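To start, the structure itself, in structure tokens.
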Amino acid sequence: MMSTDIRLRENYANTLFELARENQVIDAVEEDLETIAGAIKEESDLVRFLTSPYFSGPCKEQSVATMLSARIIELTMNFLMVLIKHNRVGLLPEIIARYGQLWDAEHRCFPVKVTVSRSLEQGEAEKLTADMEAAVGGAVRLELAVEPGILGGVIIRCGDKVIDNSVHYLLRTAVKTILSQVKGRK
Amino acid sequence: MKPDFTEISGIIKQEISQYKSKLDVSTVGRVVELADGIARIYGLDQVMVGEVLEFENDVFGEAFNLEEDSVGAVIYGDYTKISEGGDVKATGRLMSVPVGEELLGRVVDSLCEPIDGGPIVQTSARRFIESDAPGIAQRQPVVQPLQTGLKCIDSMIPIGRGQRELIIGDRKTGKTAIALDTIINQKDQNVICVYVSVGQRASAVAEIVEILRKCGAMAYTVVIAASAADSAPMQYIAPYSGCALAEYFMYEKHRDTLCIYDDLSKHAISYRQLSLLLRRPPGREAYPGDIFYLHSRLLERSAKLSEKHGGGSLTALPIVETLEGQISAYIPTNVISITDGQIYLVRDLFHAGIRPAVDVGTSVSRVGGNAQVSAMKKVAAKLRLDLAAYRELQNFAKLGTELDAVSRAQLDRGDRMVELLKQPQFAPMTVGEQVIAIFVGSKDLLSDVPVSQVSGFVAKFLKWLLKEYPAYVDEINKTGAFSDALADKVAAAMIQYKSLKPQGS
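Order-wise, the sequence lines are chains F and X. Per our numbering, residue 563 is the first one in the first sequence, and the count goes up by one each step. Per our numbering, residue 12 is the first one in the second sequence, and the count goes up by one each step.
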């Protein structure tokens, strides 16, 4: 992704969010975007069709309208039409992700990614969520990843903050320290 | 190298006993674009300019551009080990390099890691690559000479300790040779030398190291090599690393140091590449707007510190390569205006066999005169004017004009002086030898020697003098003065020498 794309994504997502807030449909738009994200996931050709230069703008607009008009609200539909008109549908997945972040911030909900070495047992995930909520002081949307490679411990990622307390990381740091000291004595 | 396992268990014990469960909290961003040693990073809102960034696989970089929605960073090291989408950690540190005596005699890269195949260096100290130049209160005027061992430079374009003297000229005019001669001449002078090579062929650097080693100069020299094959960021930081290394000896050890930047035109080119890739706006010759600051902040770090601050010094000899003798090009004029003078080497003189090919008219030293020893001042005062007058007359003579006897004598003497100032490579002379050589030339003691043999005649005379009357040269070397009595003695010795041998031999 180019840095200009980042800027475009910010612009579109922020504009959509502001409009949604003015019309008090933040949650509805979020649901719509999830629907669209689901559609993109199911039908991988959808984005390709919408970005293809072989099909004309009206043709794309027509198909999107037929496909989604019953399922999404007017604002979201208009937004999609503008994206098609500006030929920026390729950025749609990024825009949806960014809108999600804005939605999280609005609801004081923190997306937290936790990486552990084995799948959690019954009740552990709930406890983890509760602990996280206490730590960040807000609701937490927990994303759990299992990565046996970290050997043990936990890596917590919240926004751009990372707390790496995995056994793999600790071992790597220890090896580095020992190596640098052994080299120094030679 | 086999690690000693008892030592390792000792280290582990120490580690365990001191281990405190501390959480490693770091700020991370994501690489969104990666090319040619440049990365564009999304995230890292709190990162500072110049902060060291840690990429995956232990590759490091530095934050350069802080933009509205991304961070532009340069990568020091192998950027092929980084992938798009990878994490980037902000370390909260500034770029620094290991410094210390352990590096003397070594060839290192821009991050002061050895590349000569020798053992790993573990130094106790580190120094920031970028640091502020000393202020006015910390400095004192240049007072002590830094002898290059070359007659024509030490007499007419003297360099003082703490001075910045530019060596400028076309390719293949002997710029590096002057720098190397200067390093070689620092033997037993208690000067630490740092030779920074930027964008040179690796084979040329290997050759230079070999020469220094042969001349026994590596014992007090560090060579920092960022060859043409290294990435632009590595070439860009090499002079700053070299300067940091020299600064360590100046500030911490109160030593005199000499730092050679070979060459700053290639350095400017690598910075231009880096800036264009970072999409900084190009200016004249596509160089970025801060190209002047690039060199001024580097060269301003040279200084002669006041006695209160230890009295150390950092002399800089930057080298700039011109194209077709154009000293009015962008980078040459920039560096000329920053430095305290320049030694201008001319291709025509070089091809005419006048080596070092110094153009005396264009070369100047703005502060070195104060640092010149009195003996040299005495004999060299007239030399510059004489040579200037000689060049003027030479132009006349070319027109085929009939010249009067006085002018012809002046031309004749000029020819001899030019011949006298020639000096072979890697044959530095002490001040005493230089003073006597210039003295015999300026006192018309060589008028009966054929012009083509002047150089050899003086060399042989000096050799004879050192054997027969070593006290003469010693006196000048020790006291720095050249008394009238001594001058008479040298003149007498010359007459004696001439009577010993058939003329011209």
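C-beta atoms are modelled at their ideal positions from N, C-alpha and C, and glycine is treated no differently. Here the structure is a predicted model, which is why all the values come from computation and not from measurement.
Between GLY171(X) and PRO156(X), the beta carbon gap of about 6 Å places them in contact (Cβ cut-off 8 Å). If you check the CB distance, ASP589(F) and THR638(F) do not come in under 7 Å. Counting only runs that start and end inside the stretch 425-500 of chain X, the alpha helix (DSSP H) elements of at least 4 residues fall at 442-453, 465-479, 481-490.
Proximity of the stretch 197-217 of chain X to the stretch 465-476 of chain X falls short of the contact definition, fewer than three beta-carbon pairs being nearer than 8 Å. Only residues of its own chain outside the window of five on either side were considered, and among them ILE718 have a CB closer than 6 Å to the CB of ILE725(F), listed in chain order. Taking 7 Å as the cut-off, the Cβ atoms of VAL85(X) and PRO293(X) do not count as close. Within the same chain, and ignoring the five residues on either side of PRO145(X) in sequence, the residues whose Cβ sits closer than 7 Å to its Cβ are ALA314, LEU316.
Under the three-state reduction of DSSP, ASN649(F) is assigned to coil, being neither helix nor strand. For LEU77(X), the enclosing beta strand (DSSP E) starts and ends at 71-77. Rounded to the nearest whole angstrom, the CA to CA distance from VAL462(X) to ASP426(X) is 7 Å. Neighbours of GLY40(X) in chain F, taken as residues at a C-beta separation under 7 Å, are given in chain order as ASP722.
Annotated three-state conformation of VAL378(X) is coil, per DSSP. Considering only PRO439(X), LYS433(X), GLU430(X), LEU398(X), the residue with the shortest C-alpha distance to GLN421(X) is LEU398(X).
Within the stretch 61-88 of chain X, contact with chain F at the beta-carbon level (separation under 7 Å) is assigned to ASP80, SER81.
VAL233(X) is the residue among ALA279(X), GLY322(X), VAL233(X) whose C-alpha sits nearest the C-alpha of SER121(X). What ASP726(F) touches in chain X, judged by beta-carbon distance under 8 Å, is ASP35, SER37, going in chain order. Taken through DSSP and simplified to helix, strand or coil, ILE93(X) comes out as coil. In the structure shown, PRO156(X) adopts extended strand secondary structure according to DSSP, grouped into three states.
According to DSSP, residue pairing for ARG138(X) in a beta bridge involves VAL108(X). Residues of chain X with a Cβ closer than 7 Å to the Cβ of ARG680(F) do not exist, since the nearest Cβ in that chain sits about 21 Å away.
The C-beta distance from THR159(X) to THR187(X) rounds to 13 Å, too long to fall under 8 Å, and the pair is not in contact.
For ILE717(F), the closest Cβ of chain X is not nearer than 7 Å. Taking LEU477(X) as reference, the option from PHE260(X), PHE493(X), GLU444(X), ASP143(X) with the minimal CA-CA separation is GLU444(X). For ASN345(X), the enclosing alpha helix (DSSP H) has its first and last residue at 341-349. For LEU223(X) and MET229(X), the gap between their C-alpha atoms comes out near 6 Å. Looking only at GLY322(X), ILE126(X), LEU64(X), MET428(X), the smallest Cα-Cα distance to GLY467(X) is reached by MET428(X). Any Cβ of chain X closer than 7 Å to the Cβ of ILE658(F) would place that residue at the interface, and such an atom is absent.
With its beta carbon at least 7 Å from every one in chain F, GLY116(X) lies outside the interface. Chain X places a beta carbon closer than 7 Å to that of ILE568(F), counting this residue as a contact. When the five nearest sequence neighbours on each side are left out, the beta carbons in the same chain lying within less than 7 Å of the beta carbon of VAL465(X) are those of ARG427, GLU430, LEU431, LEU457, in order along the chain. Contacts with chain F at 7 Å (Cβ-Cβ) do not include GLY97(X).
Under DSSP, no beta-bridge partner is assigned to PRO244(X). Proximity to SER81(X) across ASN68(X), LYS100(X), VAL42(X), ASP47(X) peaks at VAL42(X), based on C-alpha coordinates. Pairing GLY253(X) with CYS226(X) gives a Cβ-Cβ distance that is not under 7 Å.
A Cβ-Cβ contact shorter than 7 Å links LEU310(X) with ALA327(X).
Taken residue by residue, none of the stretch 471-495 of chain X has a beta-carbon sitting less than 7 Å from a beta-carbon on chain F.
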